[in-house]
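Residue numbers (my numbering): 1 to 485. Glycine included, each C-beta is placed from N, C-alpha and C at the ideal position.
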């Protein structure tokens, strides 16, 4: 535990606060959830989309909270509690968390981009481990604090600041030398401030299109949030990015090392052998790497990770084969027909996936099953429908994570994109993802490729008031046991 006064490491943030109450309590934990508060906790009251955390302040205090970080004026202030009012409580939370949980490893690499973040994180982790670098990892799919890699316990790719700094402190205790953090636009944004107090030694940008406009409101603000990763690079740090990255110039910064990858950049990669489910690429200097994916975008992820690893290792990297990532072009079976689970959830990712399969299986029918996240970026749904309408022979629209949004609204947004194409195939609208997968399974034959999109590795479907346990692969395996009717 630490005294609260020790947590004020940046005077600028303190000057932005209104502080009520006296004393310097001992603090053990920060929590954005009142039910998780215990003795010596600081409760962080957040005004959310469906719930206002200010309504749970009394409960947090009853459970042992000694201080409250909040944004709204309160009708009553308990004289035994310290209140810290700030327009953005998450900004104070990040500052406090950066000190509360203990020292963190000095070398942190952030990976951002629209698509390919988790895969690049995973590839970088594999490269560093093969070079005997004790490495930590926190991504959409994986968690490794130095005690072994396992599935990430967090729904968010970049969780809240208390979870991040608790993880980083564990990494330091476990002797981790380098930490890889997946850095989402939410996590990098000033509003969320989950990563605001981290200084990065290196950064990798994977790709850049458009997403999360329900949160950022404009593409420009979305890009600006991504650029925060570069702004937080230390003097002398390094940045890896594709040569052809949109808004390339926005990511340039004096005092850092810029490394590019493409056919004619700092690292050139050429394909020696390509298949629908694998690719062998040759790097400068004669090294070859075998990828468990055929799509060119995964080669780009591997090149970016390799360049980053070279900055850390400063020597030869003895790894010639990379392992795949859960839910990323995951082949469940090839019989009675090819079934692939893929986390793809943007128009650009759809285009890359569909085009790749059509190039290799021109005589096969693509059957896509997908939805789109409720209460999230509506603008991207048109692109999902348009891409699938252009490439697919049949489309099954179903749940992804409807949350509290009307399903018909999500469906109609997707159909607008489909109707903008010359799609003449079969269109099905089935609520209940399990029912939809079963129907698509029965629909397909040996001439089909069934693509289950948008969920990937995820273990739950989010509804308005509950979470439905889910395993995309598990559902398919159960159907395979029963066979086609």
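query, result
"Residue 378 to residue 208 span [Cα, whole Å]", "18 angstroms"
"Spatial neighbours of residue 197 in its chain, beta-carbon cut-off 7 angstroms, leaving aside the 5 residues before and after", "94, 95 and 98"
"Given residue 14 as reference, the closest of 231, 102, 85 and 22 once Cα atoms are compared", "85"
"CB contact flag (residue 170, residue 144, <8 angstroms)", "no"
"Cβ neighbours of residue 382 in the same chain (closer than 6 angstroms, five flanking residues each side left out)", "416 and 417"
"8 angstroms CB neighbourhood of residue 288 in its chain, flanking five on each side removed", "272, 280, 281, 282 and 320"
"Selection from 73, 17, 260 and 219 that minimises the alpha carbon distance to residue 91", "17"
"Buried or exposed (CB count within 10 angstroms, at least 16 for buried), residue 126", "buried"
"Euclidean distance between Cα positions of residue 486 and residue 77", "What the structure shows of the chain is the stretch from 1 to 485, and residue 486 is not part of that stretch, so it cannot be assessed."
"Nearest-angstrom Cα separation, counted from residue 256 out to residue 265", "Summary for residue 265: the model assigns pLDDT 48, below 50, so the residue's position carries little reliability; its value from the coordinates is reported in the next sentence. The straight-line gap from Cα to Cα measures roughly 17 angstroms."
"Bridge-paired residues (DSSP) for residue 31", "43"
"Reduced DSSP category for residue 349 - H, G, I as helix; E, B as strand; rest coil", "helix"
"Host alpha helix (DSSP H) of residue 201 (start-end)", "First-last for residue 201: 200-205, but that is the beta strand (DSSP E), not the alpha helix (DSSP H)."
"Endpoints, the beta strand (DSSP E) within which residue 112 is located", "107-112"
"Nearest neighbour of residue 299, chosen from 359, 119 and 232 [CA to CA]", "119"
"Residue from 185, 468 and 129 whose Cα sits closest to the Cα of residue 156", "185"
"From 123, 223, 203 and 334, residue whose alpha carbon lies closest to that of residue 235", "203"
"Inter-residue Cα distance where the pair is residue 8 and residue 1", "15 angstroms"
"Residue closest to residue 165, alpha-carbon to alpha-carbon, out of 80, 136 and 151", "136"
"Assigned secondary structure, residue 242 (DSSP; H/G/I helix, E/B strand, else coil)", "strand"
"Endpoints, beta strand (DSSP E) assigned at residue 136", "135-138"
"Unbroken beta strand (DSSP E) run spanning residue 381, endpoints", "Note, residue 381: premise wrong, no beta strand (DSSP E); alpha helix (DSSP H) at 379-391."
"Sufficient close CB pairs (3 or more, under 8 angstroms) joining the stretch 353-363 to the stretch 389-396", "yes"
"Close beta carbons around residue 434, own chain, < 7 angstroms, minus the five adjacent residues each side", "475"
"Rounded straight-line distance, which links the Cα of residue 129 to that of residue 457", "23 angstroms"
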